[in-house]
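Chemist:
In the working numbering, the protein residues as written are 4 to 187.
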């Protein structure tokens, strides 16, 4: 897994992530173990966890999951873009889930990836999570750590989408606009 540098994101919506990985077909024996494969997750079980520095929160309605997958044999690419909603607002981490898993574009992307894998192709995937942080206190320091991970199912390992030690300030980059106060 590789994370993109913060300078790669120019959007006003803050983006985190960028896992670009070759997801090879899994041998049948591996299926006996809890596999952490985001491209075969049940949409209703998929969780994104976000941990912001103290004094920061997530602007409601600002988070989204964007996934693209490419078949290296045909160069065909499929994409999904789905809003995320708070699944469990309690605790130091913000757990996010697909806002409408039954209608998520992500499910169609997964079906196409499954077909490619059945044809013995190893798709390349990119997972992007966008969000907008806001200040819940004036003393909030963006030099604190930022963590972002994806978990395909309860009990499955979390896959980190950012390098360890990433700070909110470094992620946003030097050209970022000041972070606004959270709405009451």
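Note that beta-carbon positions come from the ideal geometry of N, C-alpha and C, so glycine has one too.
(1) If you follow the alpha helix (DSSP H) that residue 120 is in, where does it begin and where does it stop?
(2) With 16 other CB atoms within 10 Å as the buried threshold, where does residue 113 fall?
(3) Just curious, the alpha helix (DSSP H) that residue 173 is in, first and last residue?
(4) Does the separation of the CB atoms of residue 90 and residue 99 fall below 8 Å?
(5) Would you call the segment 163-171 and the segment 68-84 touching, i.e. three or more CB-CB distances under 8 Å?
(6) What are the start and end residues of the beta strand (DSSP E) that includes residue 54?
(7) Rounding to the nearest angstrom, what Cα-Cα distance links residue 174 and residue 52 in this structure?
(8) Just to confirm, is the Cβ distance from residue 149 to residue 55 under 8 Å?
(9) For the beta strand (DSSP E) that contains residue 137, what are its first and last residues?
(10) Do residue 41 and residue 110 come within 8 Å of each other at the CB atom, strictly closer than that value?
(11) So, for residue 62: in the same chain, excluding its five sequence neighbours on each side, which residues have a beta-carbon less than 6 Å away from its beta-carbon?
(12) In the DSSP output, what is residue 82 paired with across the bridge?
(13) On a CA-only basis, which of 59, 76, 50 and 115 is nearest residue 82? Give me that one, please.
(14) Taking a contact to mean a Cβ-Cβ separation below 8 Å, would you say residue 143 touches residue 57 in this structure?
(15) Who are the near neighbours of residue 185 in its chain, counting only those whose CB is closer than 8 Å to its CB and skipping five residues on each side?
(16) Measuring CB to CB, does residue 153 end up less than 8 Å from residue 130?
(17) Starting from the C-beta of residue 104, find all residues in its chain whose C-beta is less than 7 Å away, skip the five residues before and the five after it, and write them out in chain order.
(18) Please check the pair residue 65 and residue 155, which I expect to be a contact at CB under 8 Å, by giving their CB distance rounded to whole angstroms.
Modeler: If we stick to the structure as given:
(1) For this step, residue 120 is matched to residue 117 along the chain shown. Unbroken alpha helix (DSSP H) run through residue 120: 108-121.
(2) Position 110 of the chain shown holds residue 113. Around the Cβ of residue 113, a 10 Å sphere holds 16 or more other Cβ atoms; the residue is buried.
(3) Within the chain shown, the letter at position 170 stands for residue 173. Its alpha helix (DSSP H) spans residues 171-175.
(4) Along the chain shown, read from residue 1 onward, the residue named residue 90 stands at position 87. Along the chain shown, read from residue 1 onward, the residue named residue 99 stands at position 96. Contact: yes.
(5) No, the segment 163-171 is not in contact with the segment 68-84.
(6) In the chain shown, residue 54 corresponds to position 51, counting from 1. Judged by DSSP secondary structure, residue 54 falls within the beta strand (DSSP E) whose first and last residues are 50-54.
(7) Taking the chain shown and counting its residues from 1, the one referred to as residue 174 is at position 171. Taking the chain shown and counting its residues from 1, the one referred to as residue 52 is at position 49. Spanning the two alpha carbons is a distance of roughly 16 Å.
(8) As a working mapping, residue 149 is identified with position 146 in the chain shown. As a working mapping, residue 55 is identified with position 52 in the chain shown. Contact flag set, yes.
(9) The residue given as residue 137 occupies position 134 in the chain shown. Residue range 136-138 is occupied by the beta strand (DSSP E) that includes residue 137.
(10) On the chain shown, position 107 is the one that residue 110 refers to. On the chain shown, position 38 is the one that residue 41 refers to. Note that the C-beta distance between residue 110 and residue 41 is not below 8 Å.
(11) By one-based count along the chain shown, residue 62 stands at place 59. Cβ within range, chain order: 135 and 137.
(12) Position 79 of the chain shown, counted from the first residue, corresponds to residue 82. The beta-bridge partner set that DSSP reports for residue 82 consists of 71.
(13) Here residue 82 refers to the residue found at position 79 when the chain shown is read from its first residue. Of the candidates 59, 76, 50 and 115, the one whose C-alpha sits nearest the C-alpha of residue 82 is 115.
(14) Against the chain shown, residue 143 aligns to sequence position 140. Against the chain shown, residue 57 aligns to sequence position 54. Contact: yes.
(15) One-based indexing of the chain shown puts residue 185 at position 182. Scanning its chain for C-beta atoms nearer than 8 Å, with the 5 sequence neighbours on each side dropped, one finds around residue 185 the residues 60, 62, 137, 138 and 139, in chain order.
(16) Translated into positions along the chain shown, residue 153 becomes position 150. Translated into positions along the chain shown, residue 130 becomes position 127. Contact annotation: residue 153 and residue 130 have beta-carbon atoms nearer than 8 Å.
(17) Taking the chain shown and counting its residues from 1, one reaches residue 104 at position 101. Excluding positions up to five away in sequence, the list reads 46 and 47.
(18) Residue numbering aside, residue 65 sits at position 62 when the chain shown is read from its first letter. Residue numbering aside, residue 155 sits at position 152 when the chain shown is read from its first letter. In this structure residue 65 is not in contact with residue 155, their Cβ atoms being roughly 23 Å apart against a cut-off of 8 Å.
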